[in-house]
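Engineer: One structure coming up, written as structure tokens, with questions to follow.
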Amino acid sequence: MTLLAGVDIGGTKCAVSLGRASENGVEVIQKRRFATPVSPAATLAAIETSLEEMLDDSGLRKQLAAMGVSCGGPLDSRAGLILSPPNLPNWDRVDVVSPLRTRFNVPVALQNDANACALAEWQWGAGRGLSNLIFLTFGTGMGAGLILDGRLYSGTNDMAGEVGHIRLEPDGPVGYGKAGSFEGFCSGGGMAQLARARAAQQISRGKAPAFCPTLDDLPGVTAATVAGAASQGDPLAIEIFTLVGRQLGRGLAILVDMLNPQRIIIGSIYTRQKALLKDAMLATLRQEALPQSLSVCQVVPAGLGEAVGDLASLSVALLALQPLSPY
């Protein structure tokens with residue numbers, strides 16, 4: 001068993017975890033969450049204080065082997081720098097690795113959140129034992145973490161896997177700053193845009209959907225409210241999920257043809273709404289992808305379920321110990 005610390009830095013919340021990892025899985029011992037402070041310095045101070053207290057409470061300070069930090073990109077994982085993520089104002093070339101390494105005297109690694117989730121699924125989830133897999137976030141945004149030939153692939157400057165920027169249609173909901181993008185169709189925010197636009201059209205025709213009875217209700221429409229309506233049989237909500245499923249299939253076909261993975265693991269919305277998305281996704285994927293490549297690839301929800309985000313930073317800590325493979 002290896003004692004690891006994980007740090008997840010988000011735009012609104014941070015989390016610090018302690019966990020014991022082995023080849024058979026990982027056990028979270030302690031976890032603390034707190035609102036992200038206004039400055040990088042205050043955030044790092046809060047992270048250090050939380051971890052110090054957790055180590056003291058558990059009596060495991062001398063057993064800590066490594067730390068991992070997960071954060072939205074862009075970042076420079078090799079230098080340990082966070083490079084102005086859109087959800088972290090004023091985080092411009094902030095070194096998060098060196099202060100933690102100095103304070104706790106253990107190896108520290110940094111990865112973006114999609115890569116971190118890919119590592120977690122590879123080590124403990126639906127990707128165990130595989131050499132080639134893709135993890136798709138499909139949550140607030142759409143990004144990919146790539147495990148290729150038994151190694152995390154992050155690209156020349158940590159920009160590999162930004163699949164949300166791929167344009168699937170000439171126009172459509174906006175994601176990653178691009179209308180009609182993979183993220184536009186396959187993310188919580190993009191799905192909400194799509195649903196609001198379709199609902200407004202229906203309301204103007206006197207056929208308001210169940211999830212949005214009036215124009216005043218448009219701002220409150222989210223992917224979750226549409227999913228709830230679809231599960232209750234609302235025709236427009238079902239139509240929206242069918243369209244999103246088809247676009248998901250188109251995006252997956254590109255990845256299957258380009259990277260020839262053994263498995264594509266999809267988190268967040270797909271994990272929760274597989275029943276609403278799977279049929280349309282598979283029909284399009286079978287139509288678009290090369291049959292020989294698709295024959296060796298499975299598409300599955302995150303094996304770690306909703307816990308994948310919690311375990312992601314701990315998986316990065318393991319990478320700090322053994323950079324070439326998880327164990």
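Each residue of the sequence shown is one higher than the one before, starting from 1 at the first, in the numbering used here.
We put the beta carbon where it would ideally sit given N, CA and C, even for glycine.
Remember, predicted model here, so these are calculated numbers, not experimental data.
1) With DSSP as the reference, identify every bridge partner of Met-67, one or two as the case may be.
2) Return the first residue and the last residue of the alpha helix (DSSP H) that Arg-198 is part of.
3) Whose CA, out of Pro-40, Met-258, Val-299 and Gly-164, lies closest to the CA of Thr-271?
4) If we count Cβ pairs, one from each stretch, closer than 8 Å, do we get three or more for the region 131-149 versus the region 254-262?
5) For the candidate residues Gly-206, Ala-179, Gly-305 and Ser-58, whose alpha-carbon lies nearest to that of Gln-193?
6) Where DSSP assigns a beta bridge to Cys-14, which residues make up the other side?
7) Where does Ser-295 land, buried or exposed, given buried means 16+ other C-beta within 10 angstroms?
8) Can you check the region 272-312 for any alpha helix (DSSP H) of at least 4 residues that lies completely inside it and give the ranges in chain order?
9) According to DSSP, is Lys-207 part of a helix, a strand, or is it coil?
10) Note down the Cα distance separating Val-256 from Gly-189, rounded to an integer number of angstroms.
11) Since Ala-237 is in the alpha helix (DSSP H), which residue starts that stretch and which ends it?
12) Would you mind stating whether Gly-161 and Gly-143 have Cβ atoms separated by less than 8 Å?
13) Determine, using beta carbons only, whether Leu-252 and Leu-215 come nearer to each other than 8 Å.
14) On the CB-based measure, 16 or more other CB atoms within 10 Å of its CB, does Met-258 come out buried or exposed?
15) Relative to the alpha-carbon of Gln-201, which residue among Leu-218, Phe-185 and Met-191 has its alpha-carbon at the smallest distance?
16) By the 10 Å Cβ neighbour count, where 16 or more other Cβ atoms means buried, how is Ser-70 classified, buried or exposed?
17) If I follow the unbroken beta strand (DSSP E) through Ala-230, where does it start and stop?
18) What residues in its chain sit with their C-beta under 7 Å from that of Glu-288, if we drop five residues either side in the sequence?
19) Would you identify the three-state DSSP class for Asp-171, choosing helix, strand or coil?
20) For Thr-137, tell me which candidate among Leu-318, Leu-282, Lys-278 and Ala-312 has the shortest Cα-Cα distance.
21) Taking DSSP as the reference, what is the three-state secondary structure of Val-96?
22) Taking all protein chains shown into account, do 16 or more other C-beta atoms lie within 10 angstroms of the C-beta of Leu-290, making it buried, or fewer, making it exposed?
23) Could you compute how far the alpha carbon of Ala-307 sits from the alpha carbon of Lys-278?
24) Would you report the Cα separation of Gly-92 and Ser-77, rounded to the nearest angstrom?
25) Determine the DSSP secondary structure at Asp-149, reduced to helix, strand or coil.
26) Three or more C-beta pairs under 8 Å: does that hold for the region 53-68 against the region 98-113?
27) Specify, as a first and last residue, the run of the alpha helix (DSSP H) that Gly-44 falls within.
28) Whole angstroms are fine: how far does the CA of Ser-39 sit from the CA of Pro-99?
Structural biologist: Answer, in terms of the structure:
1) Ala-5 and Val-108
2) 188-204
3) Val-299
4) yes
5) Ala-179
6) Ile-9 and Phe-34
7) exposed
8) 291-294
9) coil
10) 25 Å
11) 235-259
12) yes
13) no
14) exposed
15) Leu-218
16) buried
17) Note, Ala-230: premise wrong, no beta strand (DSSP E); alpha helix (DSSP H) at 223-231.
18) Gly-249, Arg-250 and Ala-253
19) coil
20) Ala-312
21) coil
22) exposed
23) 21 Å
24) Sequence check: residue 92 is Asp here, not Gly. If I take the Cα positions, the gap works out to 14 Å.
25) coil
26) yes
27) Inspection of the sequence shows that residue 44 is occupied by Leu rather than by Gly. Unbroken alpha helix (DSSP H) run through Leu-44: 40-58.
28) 15 Å
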